[in-house]
Amino acid sequence: MKKKITIALAGNPNAGKSTVFNAITGARQHIANYPGVTVEKKYGSVDHKGYRIEVVDLPGTYSLTAYSLEELVARNFLINDRPDLVVDIVDASNLDRNLYLTIQLKEMGVPLLIGLNMVDIAKSRGIIIDHEQLSSLLGVPVVPMVARSNKGTDELLDKIVELVSNPREWQPAKISYGLDIDRAIDEIESIIKASNIIDEKYPARWLALKCLEGDEQVFASLEKDPDLSKKVRAITQRVIKHTLSTLEEDPEGVIADHRYGYLTGITKSTLKRQIQSRLNMSDKIDKVMTNRILGPILMVMILYGMYLFTFSASEAPIHWLDMLFSKLKVIICTVVPKGHLQSLIMSGIVDGVGSVLGFVPIIMFMFFAIAIIEDSGYMARIAFMLDRVLRWFGLHGNSVISLIISGGISGGCAVPGIMATRTLRDPKERIATLLVIPFMNCGAKLPVYAVLITVFFSKNQTTMMFLLTIISWIFALFAAKLLRLTVLKGSQTPFVMELPPYRLPTLKGVCIHTWERTFQYIKKAGTIILGLSILLWAMMTFPQLPANQIRAFENQKNRINRMILHSPALKKYIKDSKDLRQIDRLYATYVQTVTKKDKKLITKLKKSRFFPLLKAIYTTDRNKMDSPRGYNSDTTIPESITGHIKDELSKAAHEYIRYKQMEEKIDAAQRQAALKHTVAGWLGQKLEFFTRPLGFDYRTDIALVGGFAAKEVILSTLGTAYSLSDSIVNQSKSLSKRLTTDPSWTPLKAFTLIIFIMLYVPCIATLASIRKETSWNWVWFSICFNLTVAYTVSLIISQGGRIAGM
Amino acid sequence: MKKIIPMRKMLNNQDGIIKKVSATGEMGRRIREMGLVPDTEIHVQGRAPLKDPVAIKVRDCVLTLRNNEANFIQVEIDFPDTPEKNTK
Chain A
242 MKKKITIALA GNPNAGKSTV FNAITGARQH IANYPGVTVE KKYGSVDHKG
292 YRIEVVDLPG TYSLTAYSLE ELVARNFLIN DRPDLVVDIV DASNLDRNLY
342 LTIQLKEMGV PLLIGLNMVD IAKSRGIIID HEQLSSLLGV PVVPMVARSN
392 KGTDELLDKI VELVSNPREW QPAKISYGLD IDRAIDEIES IIKASNIIDE
442 KYPARWLALK CLEGDEQVFA SLEKDPDLSK KVRAITQRVI KHTLSTLEED
492 PEGVIADHRY GYLTGITKST LKRQIQSRLN MSDKIDKVMT NRILGPILMV
542 MILYGMYLFT FSASEAPIHW LDMLFSKLKV IICTVVPKGH LQSLIMSGIV
592 DGVGSVLGFV PIIMFMFFAI AIIEDSGYMA RIAFMLDRVL RWFGLHGNSV
642 ISLIISGGIS GGCAVPGIMA TRTLRDPKER IATLLVIPFM NCGAKLPVYA
692 VLITVFFSKN QTTMMFLLTI ISWIFALFAA KLLRLTVLKG SQTPFVMELP
742 PYRLPTLKGV CIHTWERTFQ YIKKAGTIIL GLSILLWAMM TFPQLPANQI
792 RAFENQKNRI NRMILHSPAL KKYIKDSKDL RQIDRLYATY VQTVTKKDKK
842 LITKLKKSRF FPLLKAIYTT DRNKMDSPRG YNSDTTIPES ITGHIKDELS
892 KAAHEYIRYK QMEEKIDAAQ RQAALKHTVA GWLGQKLEFF TRPLGFDYRT
942 DIALVGGFAA KEVILSTLGT AYSLSDSIVN QSKSLSKRLT TDPSWTPLKA
992 FTLIIFIMLY VPCIATLASI RKETSWNWVW FSICFNLTVA YTVSLIISQG
1042 GRIAGM
Chain B
2 MKKIIPMRKM LNNQDGIIKK VSATGEMGRR IREMGLVPDT EIHVQGRAPL
52 KDPVAIKVRD CVLTLRNNEA NFIQVEIDFP DTPEKNTK
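Note that the protein sequences, when read in sequence, are chains A and B. Each residue of the first sequence is one higher than the last, beginning at 242 in the numbering used here. Each residue of the second sequence is one higher than the last, beginning at 2 in the numbering used here.
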């Protein structure tokens, strides 16, 4: 039986903590949330020397204060869960700043081990660290390592096991912060120790220190004993007054200054600098990348490159998935008998989930590109360069990252985008960012745009797509400004941020990053969308038309069949209803053979006595479709046939098509009536009242209702609502063809619809993420806000367009 | 000759030593935890294309601050005998 121990990984952001975590736990990792908060908890395990080491990756922080959620989570974990050991990952190339966290861990008193990471980078910059000296001065064991290339990880694990096998008590370190503060700490410590309201888990000296730092969470925990709390507050007030008058700083500042003073003493004797050029490689790159003129140009080029990469790389896989799903449908068609079950599986499950999975390649490649940009350190430069612009709109430089992930370059997903807002510290900036995220053109909206653009703006497709990207940014930014001026009024947070040195991203790191986000998207397809597409299918199928109405439609069709059988032109070819059924069936096969160029089937069909008629029908039908007005009868009939036979055939073909078109119209009317009769149809018709000013009819409304579940559904629902013609003559015209021929669809209507889709209610998965990150109130707000914006803007476009005579 | 000016007024590529951080509360904490404390040497690396934020090199790493934050940091610089005019 292996002995189980728990260690926590702490460290600054960019210190390589995740790399260490990945290097020691490998694939055995899990992600969960810390109870009650949205901060991600990553944990994994590794077996080493008879121990099962459970590793918890704490959020990357610079401090352990109560100001940010991450820091609070990290320190609460340390106090409440009491890991056997805390491994502090320290970036050797940036020792002072990283040790600032180490000191705070020491103040807390946790059993500590330092993983001195990236010694290679430090060395290349001429920084040599005497790690033994560092260890003896800090009183903490130090293991030098290069986690990127797996150097030192075994030594780290050895040391972990060694330290854990001789456990020691928590020992809060005594560091001097100047006479006044030291005295106050002693005083508060003894008061807290004397009372017994505080859990023994909390080191009293650490609590005292936190009180002087003005830590509200600690004060709140002291409230249980009002007398104690009053005494402590009095002492801190006294110290604040004193430091403000003598040093013009609050105690928090004085404490920080002393910590750094202490650290400078340590680093001076452990760190040697070799003479080196002033600018390291990373600085030199920055001279170009953030240059006043070159910087923005390169940024646009890099973002455009990401866009090109995503779309060209995902083209082939999307095609494969498409083929896979159509194969699957063929199989289902043959295995499952016709009826409700088949319809449910085909339209409800395969179409719904398939349409979501169909975008996985785009999303995956987009996240891959984003991961490279993030891991290389360039993302921080984008935030740096754009901060001035975003600040004007009440956002933060880091908001860009979330907006790009959500589809700012087109083709992302709002769900991981909303999660990425966690890097924003100010709650108001954060909420403003996540409320405008749904305006971005995520991967699910793209196919809807694509169809509408190909049909109505075929001449400038690329320009149009680019224009839509710009439009979505404009709306997002101005909406943010509006929110920050009204419901989210408030000052802005400090921007103080690190520009991490440029690093070559590791394939492993990038892949893990990509997979995590893609998985969030796939999970959405598997759960929410599956359920909703089944629901939508039911809404669009039930209740069915009453039997008498169905019978009425059937009677009409039967009448047409009788007319065909009595038609003089067709009499020669179709003798009875059996012949008619056979022709219908053979013609369907014929069209298939022609489109697929299946030679075997053609020769088989040629033996049929109906073959000349089939061919005549086909050519006539084709000609009619290509040039609706007038046709040249000479080309419709095969040249080998001449004279009166040709005339007869041509006449028969025309008759057949005429009747079939009549039948198709009845079919269409039946389908339309059936759809109108369903729950979705009823809802769509009710909504039509509101959307008529925008130019949307009930079919579009049904699709938009479906889009509330997931934007992917819009296209397939629109397809169903409009699939009014898949009878044999017009072999299932695609939606785009259908839209081209429908007179109610104009470029203006298409553009209005695109903008409406861009802006209206976020999909359920996005709302669920908003709920997770904020509260129900913001979910409702988001729905109402987006609907209002979408409706107003669309109304202006459609009415304005009408007035302008478009 | 030495002179103390707010960090915001420093020129690109200028060196200095922080003498005082007057920010309090969250901003003060953020500034300090990133290593911007008295007696720290800094070097102004450059500014974003719109002249704000500013990038500075501190203790081997590059930090960015907005101009209104840099206002809270007093820096001692070498003051050349012929003062440069370009100090806005």
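All C-beta atoms, glycine included, are put in the ideal place defined by N, C-alpha and C. Because the structure is a prediction, the values reported are computed rather than measured.
Inter-residue Cα distance where the pair is residue i and residue j
i: L448/A; j: F460/A; result: 9 Å
i: I78/B; j: I6/B; result: 7 Å
i: I419/A; j: Q412/A; result: It should be noted that the sequence gives Gly, not Ile, for residue 419/A. For G419/A and Q412/A, the distance between alpha carbons rounds to 21 Å.
i: A1049/A; j: Y545/A; result: Because chain A here runs from 242 to 1047, residue 1049/A falls outside it and cannot be looked at.
i: R389/A; j: K978/A; result: 54 Å
i: I613/A; j: Y859/A; result: 54 Å
i: G947/A; j: L1008/A; result: 15 Å
i: S774/A; j: R500/A; result: 58 Å
i: K4/B; j: L375/A; result: 36 Å
i: M738/A; j: R666/A; result: 11 Å
i: N1018/A; j: R1012/A; result: 8 Å
i: I1037/A; j: T65/B; result: 42 Å
i: E311/A; j: N317/A; result: 10 Å
i: R479/A; j: P741/A; result: 40 Å
Where the beta strand (DSSP E) containing residue i begins and where it ends
i: L740/A; result: M738 to L740
i: T41/B; result: Here T41/B belongs to no beta strand (DSSP E), and DSSP marks it neither H nor E.
i: V351/A; result: Counting along the chain, V351/A falls outside any beta strand (DSSP E), and DSSP gives it neither H nor E.
i: K282/A; result: E281 to H289
i: P657/A; result: Segment A655 to A661 is the alpha helix (DSSP H) holding P657/A; no beta strand (DSSP E) there.
i: Y292/A; result: Y292 to D298
i: C62/B; result: C62 to L66
Within-8 Å CB hit, residue i to chain B
i: A1009/A; result: no
i: M626/A; result: yes
i: R933/A; result: no
i: T306/A; result: yes
i: N639/A; result: no
i: R870/A; result: Reliability of the predicted coordinates at R870/A is poor, the pLDDT of 42 falling under 50, and the value obtained from them is presented with this limitation in mind. Chain B contact via Cβ: absent.
i: M738/A; result: yes
i: Y545/A; result: no
i: G652/A; result: no
i: D337/A; result: yes
i: D491/A; result: yes
Neighbour flag for residue i against chain A, beta carbons, 8 Å
i: Q46/B; result: yes
i: D63/B; result: Note on residue identity: the sequence assigns Val, not Asp, to residue 63/B. Answer yes: the Cβ-Cβ gap between V63/B and chain A drops below 8 Å somewhere.
i: G17/B; result: no
i: V38/B; result: yes
i: V22/B; result: yes
i: P50/B; result: yes
i: D53/B; result: yes
i: L66/B; result: yes
DSSP-derived helix/strand/coil call for residue i
i: V954/A; result: helix
i: G649/A; result: helix
i: L250/A; result: strand
i: G684/A; result: coil
i: N358/A; result: strand
i: K749/A; result: helix
i: P444/A; result: coil
i: K848/A; result: coil
i: R474/A; result: helix
i: T987/A; result: coil
i: C452/A; result: helix
i: G47/B; result: strand
i: V328/A; result: strand
i: G17/B; result: strand
Residue i at chain D interface by Cβ criterion, 8 Å
i: V630/A; result: Absence of chain D from the displayed structure is noted, the protein chains being A and B.
heavy atom of the ligand NAP below 7 Å from residue i C-beta
i: A1031/A; result: This structure lacks the ligand NAP; in fact it carries no ligand of any kind.
Unbroken alpha helix (DSSP H) run spanning residue i, endpoints
i: C1025/A; result: W1017 to I1044
i: Q797/A; result: A788 to H807
i: R31/B; result: G26 to E34
Quiz item: Counting pairs of Cβ atoms below 8 Å between the stretch 745–755 of chain A and the stretch 598–616 of chain A, do you hit three or more?
Solution: yes
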